[in-house]
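For reference, the structure discussed in these notes is given below.
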Amino acid sequence: FCMSRCASTNMCDKSIYDFMAESLDGQSVPLSKYRGKVLLIVNLHHRLNALMDMFGGLHFTVLGFCCNQFGLQSPGKVNSETLNILKYVRPGGGFIPKFPVFGKVEVNGLSEEPLFTYLKDSLPFVNPVIGDIKKFYWSPIRVNDIRWNFERFLITADGCIHSEDCFPWTIGVEFDYRLSIQPCCKSNINKYVLK
Numbered sequence: 593f594c595m596s597r598c599a600s601t602n603m604c605d606k607s608i609y610d611f612m613a614e615s616l617d618g619q620s621v622p623l624s625k626y627r628g629k630v631l632l633i634v635n636l637h638h639r640l641n642a643l644m645d646m647f648g649g650l651h652f653t654v655l656g657f658c659c660n661q662f663g664l665q666s667p668g669k670v671n672s673e674t675l676n677i678l679k680y681v682r683p684g685g686g687f688i689p690k691f692p693v694f695g696k697v698e699v700n701g702l703s704e705e706p707l708f709t710y711l712k713d714s715l716p717f718v719n720p721v722i723g724d725i726k727k728f729y730w731s732p733i734r735v736n737d738i739r740w741n742f743e744r745f746l747i748t749a750d751g752c753i754h755s756e757d758c759f760p761w762t763i764g765v766e767f768d769y770r771l772s773i774q775p776c777c778k779s780n781i782n783k784y785v786l787k
């Protein structure tokens, strides 16, 4: 079982579909657009294209967000630079993402995007060790903060949130797509089965 929780009353009244994300061209995209799909919300990584190749036809999509709070690894200031950085620098080689990429966000601290506040507050923190705070570029530091790039949130087709610590999956390793058909228990327990 993976327990779910809400840290604030306001967040308990919301769902993932109540949030908007800014596209790279500055447009507001309602996440309700993805209702009924399994979503993987994560920082950008070239291996995510392989995941889209495996599961993209099965009502699955990755939602990629850039963040510069971890080792200052995404230094561009303008969202329009993001695709060129991906294509020519990291990973380079003409890389073009096969999934939606959104504008740069802060996932921790005073200026964190409300979407990431919601995601983090919807799950129990599993690791009380924060890490070396000299490597963090945000304040205040909270126990449920995202600690490094590529921490992931899997959203089932009915909107339930799972974190990377709730299922045995890492980027580049197949995860069981049947996760998406497991019911979301509204009594704050997300059930899943890997078959």
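Numbering (our numbering), first residue to last: 593 to 787. We treat Cβ as the ideally placed atom computed from N, Cα and C, and that holds for glycine. Being a predicted model, the structure only gives us computed values, none of them experimental.
Are the Cβ atoms of residue i and residue j separated by less than 8 Å?
i	j	result
F694	F662	no
S672	L616	yes
L707	A613	yes
V630	F652	yes
I608	I725	no
L678	F687	yes
D645	N700	no
Taking C-alpha atoms, which residue in the options lies nearest to residue i?
i	options	result
V735	L650, P692 and G723	G723
N660	I747, S755 and Y729	Y729
P683	M646, L650, G648 and L636	L636
Q702	S731, V621, V681 and T674	A small fix is needed here, since residue 702 is Leu in this sequence, not Gln. Cα-wise, what sits closest to L702 is S731.
D605	E743, D750 and S714	S714
G618	T674, I747 and F647	T674
Y710	I747, V681 and L640	I747
P716	F647, S755 and L650	S755
E743	P689, K712 and K727	K712
P689	Y626, L640, V621 and K625	L640
Tell me which residues share the same chain as residue i and place their Cβ nearer than 6 Å to its Cβ, disregarding the 5 neighbours each side in the sequence.
i	result
I633	L655 and F745
E705	V697
H638	P683 and F687
W740	F662
Using beta carbons (cut-off 8 Å, strictly below), is residue i in contact with chain D?
i	result
D617	Considering every chain present, this structure includes no chain D. It has just one protein chain.
For the beta strand (DSSP E) containing residue i, name the first residue and the last one.
i	result
T653	F652 to F657
P641	Strictly speaking, residue 641 in this sequence is Asn, with Pro absent from that position. That residue, N641, is in no beta strand (DSSP E); its alpha helix (DSSP H) goes L640 to F647.
F728	Here F728 belongs to no beta strand (DSSP E), and DSSP marks it neither H nor E.
L711	Taken as a continuous stretch (DSSP letters only), L711 belongs to no beta strand (DSSP E), being part of the alpha helix (DSSP H) at P706 to D713.
V697	First-last for V697: undefined, no H or E at that position.
F745	F745 to I747
P622	S620 to P622
N635	V630 to N635
I753	I753 to S755
At what residues does the alpha helix (DSSP H) containing residue i begin and finish?
i	result
L675	S672 to Y680
Might you give, ordered along the chain, the residues of its own chain that have their beta carbon closer than 8 Å to the beta carbon of residue i, omitting 5 neighbours on each side?
i	result
V621	M612, A613, E614, S615, P692 and F694
With a threshold of 7 Å on Cβ separation, who are the neighbours of residue i within its own chain once the five nearest residues in sequence on each side are excluded?
i	result
G649	none
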